[in-house]
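K.L.:
Be aware that the sequence shown starts at 23, since it is given in the working numbering, and climbs by one per residue. For reference, the structure I am asking about is given below.
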Amino acid sequence: MRLLALVALLHACAPVAADDSNSAVALALIELKIGYQNEASAPRFKPSNNPDKDVGRKQLDELFAIGAPYCQKALELAENNPRDPASFDALSWIVSGPFAYAKSTSAIDTAFELLTLRYATDRRAGLICEQIGRHRLSSPAPLEFLRTVAERNPSHAIRGQAMLLQGDLLMEYARIARQLRNPAPSTERNSNDGIGATLRSRLLGSPPEEFEALAAGPYQLALKEFTDVKALGDQTVGEIARGRLFRLKELSVGKKVPNLDGHEINGKPMALNDYRGKTVVLIFWAGWWEPSIEIAVKGDQLLKRFDGKQVAVVGVNGDSSPQAAERVVEREKISWPNFFDGKRGRGLIATNWGISTWPTIFVIDAEGIIQHIGSDPTQLDEIIDRLLNKAK
Numbered sequence: 023m024r025l026l027a028l029v030a031l032l033h034a035c036a037p038v039a040a041d042d043s044n045s046a047v048a049l050a051l052i053e054l055k056i057g058y059q060n061e062a063s064a065p066r067f068k069p070s071n072n073p074d075k076d077v078g079r080k081q082l083d084e085l086f087a088i089g090a091p092y093c094q095k096a097l098e099l100a101e102n103n104p105r106d107p108a109s110f111d112a113l114s115w116i117v118s119g120p121f122a123y124a125k126s127t128s129a130i131d132t133a134f135e136l137l138t139l140r141y142a143t144d145r146r147a148g149l150i151c152e153q154i155g156r157h158r159l160s161s162p163a164p165l166e167f168l169r170t171v172a173e174r175n176p177s178h179a180i181r182g183q184a185m186l187l188q189g190d191l192l193m194e195y196a197r198i199a200r201q202l203r204n205p206a207p208s209t210e211r212n213s214n215d216g217i218g219a220t221l222r223s224r225l226l227g228s229p230p231e232e233f234e235a236l237a238a239g240p241y242q243l244a245l246k247e248f249t250d251v252k253a254l255g256d257q258t259v260g261e262i263a264r265g266r267l268f269r270l271k272e273l274s275v276g277k278k279v280p281n282l283d284g285h286e287i288n289g290k291p292m293a294l295n296d297y298r299g300k301t302v303v304l305i306f307w308a309g310w311w312e313p314s315i316e317i318a319v320k321g322d323q324l325l326k327r328f329d330g331k332q333v334a335v336v337g338v339n340g341d342s343s344p345q346a347a348e349r350v351v352e353r354e355k356i357s358w359p360n361f362f363d364g365k366r367g368r369g370l371i372a373t374n375w376g377i378s379t380w381p382t383i384f385v386i387d388a389e390g391i392i393q394h395i396g397s398d399p400t401q402l403d404e405i406i407d408r409l410l411n412k413a414k
């Protein structure tokens with residue numbers, strides 16, 4: 023874990039400047055940000071080549087602890103000055119800035135509640151929609167913010183954006199609900215540790231299918247009412263929603279996997295049906311996201327373990343160019359074939375299949391039936407063993 027990359031991520035989302043840069047809140051917020059930046063720039067947080075992940079975690083925990091008082095002070099500015107135009111910026115910094123939910127639980131939840139109450143109809147609500155990923159699993163408050171914006175914001179484009187993201191967050195609830203019910207053994211810090219207690223209870227108390235059913239509603243409305251709204255890059259809300267609905271309807275465990283026709287990274291034609299009769303591990307991955315690369319390496323380990331058996335690993339690569347994909351393939355010595363989908367995860371295959379989580383893994387049996395969908399590779403050996411034994 024490189025601390026430099028983590029610090030860059032934490033500082034990535036800066037809120038828009040206040041309408042009145044001379045307001046009391048704006049000036050106080052600048053002082054808070056400078057104060058935090060000075061502390062976070064201390065020598066002990068400089069990048070290190072230490073391979074010990076525990077060292078990096080300890081530094082990150084300390085960085086989060088430093089940020090907690092600044093988060094609370096920013097909230098106090100917003101709470102005490104509701105009419106100040108820069109109060110929005112203070113709240114935006116809280117929900118998108120360098121703060122960990124575990125250290126700033128109450129402040130982050132309250133910030134989302136105030137954003138919903140005060141700014142759901144504001145043009146700047148679109149900025150919060152774009153930044154909602156950071157604390158999307160902190161509590162039910164981010165979902166309520168998206169729902170309110172989708173219903174009440176006067177901007178057609180912002181409502182469409184919020185409608186699509188509402189469906190995506192409910193699908194994320196379904197995915198995490200499954201993980202919580204079937205946790206994979208791991209020595210790494212659990213990626214779900216940042217889920218708030220209230221939301222965790224909700225995820226454990228409702229079946230994953232219930233969240234998927236709820237997600238269909240926003241997706242259907244997004245497709246019907248906001249189809250031409252621009253979403254990501256050259257994609258529209260309608261294109262993305264159509265793919266998400268396809269995934270809900272056609273890409274679930276027990277369904278027959280649709281065929282894929284496309285080209286390998288080198289331009290050679292390939293088709294998923296070419297591997298019918300084998301247990302197929304289909305991996306959506308890309309070199310711009312480290313967990314994807316880790317799973318790509320796992321693919322070669324699977325092929326070695328099941329050498330001589332009817333097992334295939336096939337990838338769908340979402341790098342920006344074939345050249346970028348080839349560099350990763352060569353560096354990591356990836357031996358299995360890959361569809362090249364491109365566009366940094368927004369290619370035609372990923373869009374049509376409704377892929378929103380990278381990496382995503384499908385395990386498909388010899389008859390072409392989807393037997394597993396997930397993002398954690400730790401259980402793949404067991405799943406493949408079970409399918410091979412069943413086929414005997």
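Glycine residues also receive a C-beta, built at the ideal position from the N, C-alpha and C atoms.
1. So what does DSSP say about Ile116, is it helix, strand or coil?
2. Which class does Pro291 belong to by DSSP, given the choice of helix, strand or coil?
3. What is the residue span of the beta strand (DSSP E) that Asn360 lies within?
4. Would DSSP call Ile154 helix, strand or coil?
5. DSSP has Lys331 in a bridge; who is on the other side?
6. My assumption, with CB atoms under 8 Å, is that Phe248 sits in contact with Arg169. Please give the rounded CB distance.
7. Below 6 Å CB to CB, which residues in the same chain sit around Ala184 once its five sequence neighbours on both sides are set aside?
8. Among Phe362, Gly255, Ala244, which one has its Cα closest to the Cα of Arg264?
9. According to the neighbour-count rule (16 or more other Cβ atoms, all chains shown, within 10 Å of its Cβ), is Gly239 buried or exposed?
10. Straight-line CA distance for Arg211 to Ser397?
11. Should Thr220 go down as buried or exposed, given a rule of 16 or more other Cβ atoms within 10 Å for buried?
12. Going by C-alpha distance, which of Trp375, Arg368, Asp407 is nearest Ser342?
13. State yes or no: is the C-beta of Gly218 within less than 8 Å of the C-beta of Ser161?
14. For the ligand NAD, any of its heavy atoms closer than 7 Å to the Cβ of Ala90?
15. Who does Leu304 pair with in a DSSP beta bridge?
16. Within the continuous beta strand (DSSP E) that includes Ile392, where are the two ends?
17. Taking 6 Å as the limit between beta carbons, can you name the residues of its chain near Thr7, skipping five residues before and five after?
18. Please state whether DSSP places Glu286 in a helix, a strand or coil.
19. Do Gly225 and Leu191 have their CB atoms nearer than 8 Å?
20. Skipping 5 residues on each side, what residues in its chain have a beta carbon closer than 8 Å to that of Pro229?
21. List the endpoints of the continuous alpha helix (DSSP H) containing Asn411.
22. Can you check which of these residues, Ala308, Asn281, Thr132, Ile305, is closest to Asp296 by C-alpha distance?
23. Along the alpha helix (DSSP H) that carries Pro229, what are the first and last residues, could you check?
24. In terms of residue numbering, what span does the alpha helix (DSSP H) encompassing Ala196 cover?
25. For Asn350 and Ser128, I'd like the C-alpha separation in whole angstroms.
26. Could you check the C-alpha separation between Arg174 and Leu139 for me, to the nearest Å?
27. Alpha carbon to alpha carbon, how far is Gly89 from Ser109?
28. Buried or exposed for Gln345, going by 16 or more other Cβ atoms inside 10 Å?
29. Name, in chain order, the residues that DSSP records as bridge partners for Thr5.
30. With DSSP collapsed to three states, give me the class of Thr143.
31. Considering only the alpha carbon of each residue, which of Lys95, Thr373, Leu236, Ala122 lies closest to Arg156?
P.N.:
So, from the listed chains and residues:
1. DSSP places Ile116 in helix when its eight states are reduced to three.
2. In the three-state scheme derived from DSSP, where H, G and I count as helix and E and B as strand, Pro291 is classed as strand.
3. Run containing Asn360: 360-362, per the beta strand (DSSP E) assignment.
4. coil
5. None, per the DSSP bridge assignment.
6. The pair is not a contact, with the Cβ atoms about 15 Å apart (cut-off 8 Å).
7. So the list reads Cys151, Leu168, Val171, Ala172, once near-sequence residues are dropped.
8. Ala244
9. exposed
10. In this predicted model, Arg211 has a pLDDT of only 43, less than 50, meaning its place in the structure is not dependable; the value taken from the coordinates is given anyway. Approximately 16 Å, taken between the alpha carbons.
11. exposed
12. Arg368
13. yes
14. Of ligands this structure carries none, so the ligand NAD is not represented either.
15. Val336, Phe384
16. 392-396
17. The requested residue 7 does not occur in the structure, where the chain is confined to residues 23 to 414.
18. Strand.
19. According to the sequence provided, residue 225 is Leu. The question's Gly does not apply to it. Taking C-beta atoms as the reference points, Leu225 and Leu191 fail to come closer than 8 Å.
20. Ala199
21. 402-413
22. Asn281
23. Run containing Pro229: none; DSSP gives neither H nor E here.
24. 178-203
25. Contrary to the premise, residue 350 reads as Val rather than Asn in this sequence. The straight-line gap from Cα to Cα measures roughly 41 Å.
26. Counting only the Cα atoms, Leu139 lies some 11 Å from Arg174.
27. 19 Å
28. By the neighbour-count criterion, in which 16 or more other beta carbons inside 10 Å mark a residue as buried, Gln345 falls on the exposed side.
29. For the chain, the structure presents residues 23 to 414; residue 5 sits outside this window and is missing.
30. coil
31. Ranking Lys95, Thr373, Leu236, Ala122 by Cα distance to Arg156 puts Ala122 first.
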